[in-house]
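Worksheet: one structure, shown below.
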């Protein structure tokens, strides 16, 4: 055997060390594995084991020389707000415990993940990475991070959403092929979403894809995930992984990436399909499992697209473009028609007249098919843009517009799957997903209050656009649309880690579009939006309002310097209102309270002009409610203007109730809960504390209801935490000491939960968390 290089020795020794680390009692397995290896590999494994034993002996709570974690001291009974119940899992990186929230705030069952002591020095960074990655991943099919921290002796822990489920291959046993594919696509969609956030999972396998009794799919265990394109986190081959699901490149010591996740999904699909005699599905799994990573699907989205083709009974790319395969698929889709044609052909075989007639009929059918394609395309475009925009002018149409956008997206997706879809159709498909996301849960516009669904729709839009740009990298329209998708993702993200990166990606996409087409008005407007976003982050995430002011003022000048045509003109008018309000916020938080009133009042004048021009549209009324809060909050701090401030708040409540009288609207609810709180504060200042409790109760109840609709959503958690503090103060002044303590305690718990997710802005940390902690100490003793 040729001698191994030092890198190869290290890689093979580390792989064996990882495999044997938790099997110290399996002496026969150890002997069998090491017997096959060269002497230098055996010696390196022995050295690694000796080093691990010395490290274990250096930790006082471990039995010296023992590599068995079962012999270590048990973890503390309580971690943070959670009491450990029982160990439910153990692997190479750590243990998983079932735990229950035990702080009296509310009931919750979680899975606590603890890192092993003996690998703390080697894997501590990976554990920290997992926490950071999970904080940025918010998808309905990814297990949610709830909390995290360290034990008193320095062991890291994570509290995760508890999933009572089975591995996906077990859950699929006995199901029809289509049902198995549906479950798999949900998992793959979560992986594609993570890739969009630049995170590769790196350890995909059935055990990490759980399906509960209700058929909900959850992706678990990002313990060895990496940022895509960031290179190896440690030295080559040091990260543990499951060999049976690892690509050849990973086994050779390469850093994990998209192609490796595609490979692991292929292996998982292969197991899911056990007993399913479907050549096409096995071909899809086979394409994902190609040895050459360039021959695999270029993305998880491309793999999902092939599975969608299979579900639509269309030719899949995994089997190529051979004419006989496409003919078989055509026959399969149109069995009756083909059977009838075959019978007719047998009857009239050899007839030249029939052959000519059949050719002419085929040409007519092709023309009709193209005509139908065009008609469906035109109908989808009409539904998505013309009819949708008409409905947007009518109150109470939020649910109808969501249904319309979903239907248009379905039509467009089917057209895309029917063959080589033109670029403009793919662009329309991305726009339909973005419009659907807006109506599902995009802050600031009328929506259904379903942020998780909105994130999933944006992920689909991004996947379509990135695939389109891979084919057409100089498509300015696609780059512009990608910029809007990333900006919308920024809006859903809220304050905290990752916000600036999303905005940077949006700006880069808009800049690319403008470099390709300087006249692209949508990209130009989007570029200004990213400056608005940056100003917002400076105010709320970074607590640097003074630095935000020049940026916001400059972007307002740029907006006003250009003449905008529709559809950008409508967006530009609303953006002007937003910019003035953010300038008011920045001015207010620099301490210039009287100076903030001017931009707030200018914004309100623009809203009044919009209502006079367009009528009492929901979007203008929602902005009217926002302006009412801004002006009322400023007047509250000016001498002798409390009564005027209350009148403004009352007018804002009336405008928002007008919107809600037509039907549910999460954006109006968001503004209303803030104004209820403002009413309560003003009534309290006027000495009407008993009257103040009613709107305060309404505010907290609405905040709770919204959080129940989207559990774990950081923005809704923040809304509730902000509302609980003044509510606690009101309760205390009313002599209700126990409820006041409960409200303050809950506020602190929520702020700490938000902080554990990496989503606590600097301003909230300085102002709101500390204030809630002060109230808790005061009211709870």
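Residue numbers (the numbering used here): 31 to 811.
Backbone N, C-alpha and C define an ideal beta-carbon position, used for all residues, glycine too.
No experiment lies behind these values; they were computed from the predicted model shown.
Distance CB(residue i)-CB(residue j) smaller than 8 Å
{"i": "residue 217", "j": "residue 249", "result": "yes"}
{"i": "residue 212", "j": "residue 109", "result": "no"}
{"i": "residue 235", "j": "residue 272", "result": "yes"}
{"i": "residue 491", "j": "residue 464", "result": "yes"}
{"i": "residue 247", "j": "residue 176", "result": "no"}
{"i": "residue 651", "j": "residue 689", "result": "yes"}
{"i": "residue 482", "j": "residue 189", "result": "no"}
{"i": "residue 488", "j": "residue 518", "result": "yes"}
{"i": "residue 777", "j": "residue 808", "result": "no"}
{"i": "residue 616", "j": "residue 575", "result": "yes"}
{"i": "residue 516", "j": "residue 536", "result": "yes"}
{"i": "residue 565", "j": "residue 521", "result": "no"}
{"i": "residue 512", "j": "residue 495", "result": "yes"}
{"i": "residue 793", "j": "residue 573", "result": "yes"}
{"i": "residue 612", "j": "residue 562", "result": "yes"}
{"i": "residue 210", "j": "residue 241", "result": "no"}
{"i": "residue 722", "j": "residue 731", "result": "no"}
{"i": "residue 291", "j": "residue 208", "result": "no"}
{"i": "residue 484", "j": "residue 472", "result": "yes"}
{"i": "residue 664", "j": "residue 619", "result": "no"}
{"i": "residue 340", "j": "residue 314", "result": "yes"}
{"i": "residue 307", "j": "residue 232", "result": "no"}
Spatial distance of residue i from residue j (CA atoms)
{"i": "residue 735", "j": "residue 769", "result": "19 Å"}
{"i": "residue 68", "j": "residue 60", "result": "14 Å"}
{"i": "residue 112", "j": "residue 138", "result": "9 Å"}
{"i": "residue 390", "j": "residue 347", "result": "Reliability of the predicted coordinates at residue 390 is poor, the pLDDT of 47 falling under 50, and no value is obtained from them."}
{"i": "residue 311", "j": "residue 238", "result": "22 Å"}
{"i": "residue 81", "j": "residue 283", "result": "Any answer about residue 81 is weak, because its pLDDT of 49 lies below 50 and its placement is not dependable; what the coordinates show is given next. Each residue's Cα considered, the two are about 22 Å apart."}
{"i": "residue 478", "j": "residue 279", "result": "44 Å"}
{"i": "residue 469", "j": "residue 480", "result": "9 Å"}
{"i": "residue 782", "j": "residue 753", "result": "15 Å"}
{"i": "residue 687", "j": "residue 653", "result": "13 Å"}
{"i": "residue 399", "j": "residue 454", "result": "Here residue 399 scores only 48 on pLDDT, less than 50, and its place in the model is too uncertain to base an answer on."}
{"i": "residue 635", "j": "residue 171", "result": "44 Å"}
{"i": "residue 131", "j": "residue 114", "result": "9 Å"}
{"i": "residue 430", "j": "residue 647", "result": "16 Å"}
{"i": "residue 220", "j": "residue 458", "result": "23 Å"}
{"i": "residue 202", "j": "residue 243", "result": "12 Å"}
{"i": "residue 274", "j": "residue 296", "result": "12 Å"}
{"i": "residue 786", "j": "residue 125", "result": "20 Å"}
{"i": "residue 433", "j": "residue 107", "result": "49 Å"}
{"i": "residue 545", "j": "residue 552", "result": "13 Å"}
{"i": "residue 514", "j": "residue 167", "result": "19 Å"}
{"i": "residue 332", "j": "residue 215", "result": "11 Å"}
Selection from the options that minimises the alpha carbon distance to residue i
{"i": "residue 856", "options": "174, 134, 167, 232", "result": "Residue 856 is absent from the model: the chain starts at 31 and stops at 811."}
{"i": "residue 541", "options": "200, 572, 555", "result": "555"}
{"i": "residue 806", "options": "502, 684, 756", "result": "756"}
{"i": "residue 427", "options": "649, 580, 557, 329", "result": "649"}
{"i": "residue 718", "options": "733, 754, 705, 673", "result": "673"}
{"i": "residue 127", "options": "205, 598, 118", "result": "118"}
{"i": "residue 343", "options": "309, 328, 624", "result": "309"}
{"i": "residue 350", "options": "334, 285, 325", "result": "325"}
{"i": "residue 679", "options": "691, 704, 700, 699", "result": "704"}
{"i": "residue 701", "options": "637, 682, 715", "result": "682"}
{"i": "residue 579", "options": "621, 601, 600", "result": "621"}
{"i": "residue 726", "options": "167, 599, 759", "result": "759"}
{"i": "residue 456", "options": "502, 437, 716", "result": "502"}
{"i": "residue 510", "options": "251, 233, 559, 528", "result": "559"}
{"i": "residue 747", "options": "716, 767, 779", "result": "779"}
Residue i CB to nearest heavy atom of the ligand SAH below 7 Å
{"i": "residue 116", "result": "The ligand SAH is absent from the structure shown, which contains no ligand whatsoever."}
Touching or not, the region 669-678 and the region 686-702, by the rule of three or more beta carbon pairs under 8 Å? No, the region 669-678 is not in contact with the region 686-702.
May I ask you to verify whether the region 630-640 touches the region 650-669, counting CB pairs closer than 8 Å and requiring at least 3? The region 630-640, when compared against the region 650-669, does touch it at the 8 Å Cβ threshold.
Could you tell me which uninterrupted alpha helix (DSSP H) segments, each at least 4 residues in length, are contained entirely in the region 497-537, listed from first to last along the chain? Complete alpha helix (DSSP H) runs here, min 4: 506-523.
Taking only runs of the alpha helix (DSSP H) that begin and end inside the region 543-576, which ones reach a length of at least 4 residues, in chain order? Listed in chain order, they are 551-570.
Alpha helix (DSSP H) runs wholly inside the region 568-654, at least 4 long, in chain order: If we require 4 residues or more, the alpha helix (DSSP H) runs fully inside the region 568-654 come out as 575-591, 598-619, 623-644.
Just to confirm the assignment: which complete alpha helix (DSSP H) runs, minimum length 4, are found wholly within the region 261-348? The qualifying runs are 278-281, 288-302, 309-318, 330-341.
Complete runs of the beta strand (DSSP E) confined to the region 684-766 [at least 3 residues]: Counting only runs that start and end inside the region 684-766, there is no beta strand (DSSP E) element of at least 3 residues.
Can you check the region 453-491 for any alpha helix (DSSP H) of at least 4 residues that lies completely inside it and give the ranges in chain order? DSSP runs (the alpha helix (DSSP H)) wholly in the region 453-491: 453-471.
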